[in-house]
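Below you can see the structure in the form of structure tokens.
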């Protein structure tokens, strides 16, 4: 789940997301002196905001790559650059993560450049270019790691996420189908803490068993006269559990026998709350709702799992 850390690396930028209908006519000299309008987009490119983003992104790039190296690559031997086919690992949950990361990060960065005054196409270009740079850098790291390798499947998954965001923004001028995430801790990490994480922060990055990827479809966006309110979407979730190894589960780890878990896929049908479509007079709360909107909030769900019967969950996260 290496690319997942990028979502948190850019979390700081999400506070810049402004309410889409609201724009500020501030000049470069007043953009940061008037706190009332700080969370609103500017109608023209604002040098101070652009510089803030560029410097922040550059700094975050270096820091996040260093942090990622210490968390993921440091304890594994290096090698000459090579390719690696990992498409059969983790029941493809890592590929879902790459797609979702690319979508969410490019969407966030694009919003930030809109906040700084860039027009729609330019902000989209910056969003997908910067996200592509980050994720490709990680693949290069993999390529020089003996444990992994440069993955064509990861690149394809990244590209699908970038295209999902860019197509909707260019074609519909809005995100009618949003990709979201949810996570819960599982028992599996206790058997392989080095691989799956020793605490909740590492679990979020490493343990695919607790990750659910959501495709949220907003009926009101497609059918303006729909009885569905703007803030309510239909959600389809994808997950998997029982995994203590990439392709197969080991029987012995560090000389200890671990339980034999069945590996299975999970599919969910639920509803989603599209907080970004809730109108508010406060630019701050509009921004806050957009930050929270990357997460699929707890909601009733029906789970369908491979080899099992459907299960109803009163609240699933």
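Numbering (this note's numbering), first residue to last: 321 to 637. By construction, the Cβ of each residue, glycine as well, lies at the ideal position given by its N, Cα and C atoms.
When the Cα of residue 377 is compared with those of 462, 425 and 459, which residue comes out closest? Considering only alpha carbons, the answer is 425.
Could you pull out every residue in the same chain whose Cβ sits closer than 7 Å to the Cβ of residue 626, ignoring the five residues on either side in sequence? 584 and 585, listed in sequence order.
For residue 537, which option in 554, 472 and 433 has the closest C-alpha, if you only look at C-alpha atoms? Ranking 554, 472 and 433 by Cα distance to residue 537 puts 554 first.
Check whether the segment 411-423 and the segment 559-567 are in contact - that is, three or more C-beta pairs closer than 8 Å. At 8 Å Cβ cutoff, the stretches touch.
As a quick exercise: from 552, 379, 557 and 394, pick the residue whose alpha carbon is nearest that of residue 276. No information on residue 276 is available, as it lies outside the stretch 321 to 637 that the chain covers here.
Do the CB positions of residue 471 and residue 447 come within less than 9 Å of each other? It is not a contact, given that the beta carbons lie outside the stated cut-off.
Measure the beta-carbon distance from residue 436 to residue 369 and round it to whole angstroms, keeping in mind my assumption that it falls under 8 Å. That pair is a contact at about 4 Å.
Outcome for residue 632 when other beta-carbon atoms lying within 10 angstroms are tallied against a minimum of 16: Counting the other CB atoms within 10 Å of its CB gives residue 632 a total below 16, which places it among the exposed residues.
Please report the Cβ distance between residue 600 and residue 559, rounded to the nearest whole angstrom; I am assuming they are in contact, meaning their Cβ atoms lie under 8 Å. Going by Cβ atoms, the distance from residue 600 to residue 559 rounds to 32 Å, so no, they are not a contact pair.
Paired residues, beta bridge with residue 587 - DSSP: In the DSSP output, where bridge partners are listed per residue, residue 587 has 558 and 624.
Alpha carbon to alpha carbon, how far is residue 546 from residue 382? Give it in angstroms, no decimals. Cα-Cα distance, rounded: 47 Å.
Kindly list the residues whose CB is nearer than 7 Å to the CB of residue 347, restricted to its own chain and excluding five residues on each side of it in sequence; keep chain order. Low confidence applies to residue 347: its pLDDT is 43, below 50, so where it sits in the model is not reliable, and the reading given next is rough at best. So the list is empty, once near-sequence residues are dropped.
Cα-Cα separation between residue 609 and residue 401, rounded to whole angstroms: Computed Cα separation, rounded: 42 Å.
Once DSSP output is grouped into helix, strand and coil, what is the label at residue 492? Coil, per DSSP.
Return the bridge partner residues of residue 631 from the DSSP annotation. According to DSSP, residue pairing for residue 631 in a beta bridge involves 623.
For residue 637, which three-state DSSP category applies? Coil at residue 637, not helix or strand.
DSSP on residue 547, reduced to helix/strand/coil? In the three-state reduction of the DSSP assignment, residue 547 falls in the coil class.
Restricting to Cα atoms, I'd like to know which of 615, 620, 581 and 512 is closest to residue 590. Comparing alpha carbon positions, the residue from 615, 620, 581 and 512 closest to residue 590 is 620.
State the Cα-Cα distance for the pair residue 552 and residue 360, rounded to the nearest angstrom. For residue 552 and residue 360, the distance between alpha carbons rounds to 25 Å.
Under the rule that 16 or more other beta-carbon atoms within 10 Å means buried, what is residue 616, buried or exposed? It counts as buried.
Determine the closest residue to residue 442 out of 457, 418, 479 and 490, with distance taken between C-alpha atoms. Comparing Cα positions, the closest option is 490.
Unbroken alpha helix (DSSP H) run spanning residue 456, endpoints: It spans 440-463 - the alpha helix (DSSP H) in which residue 456 sits, taken as one unbroken run.
Measure from the alpha carbon of residue 427 to the alpha carbon of each residue in 444, 475 and 418, then state which is nearest. Checking every option, the nearest Cα to that of residue 427 belongs to 444.
When DSSP labels each residue in this structure, what does residue 531 get in the three-state scheme? Here residue 531 sits in strand by DSSP.
Does DSSP put residue 419 in a helix, in a strand, or in coil? Note: residue 419 maps to helix in three-state DSSP.
Look up residue 582 in the DSSP assignment and give the residues it is bridged to. Residue 582 is not bridged to any residue.
Taking just the CA atoms, how far does residue 362 sit from residue 421? If you take the alpha carbons of residue 421 and residue 362, they lie about 27 Å apart.
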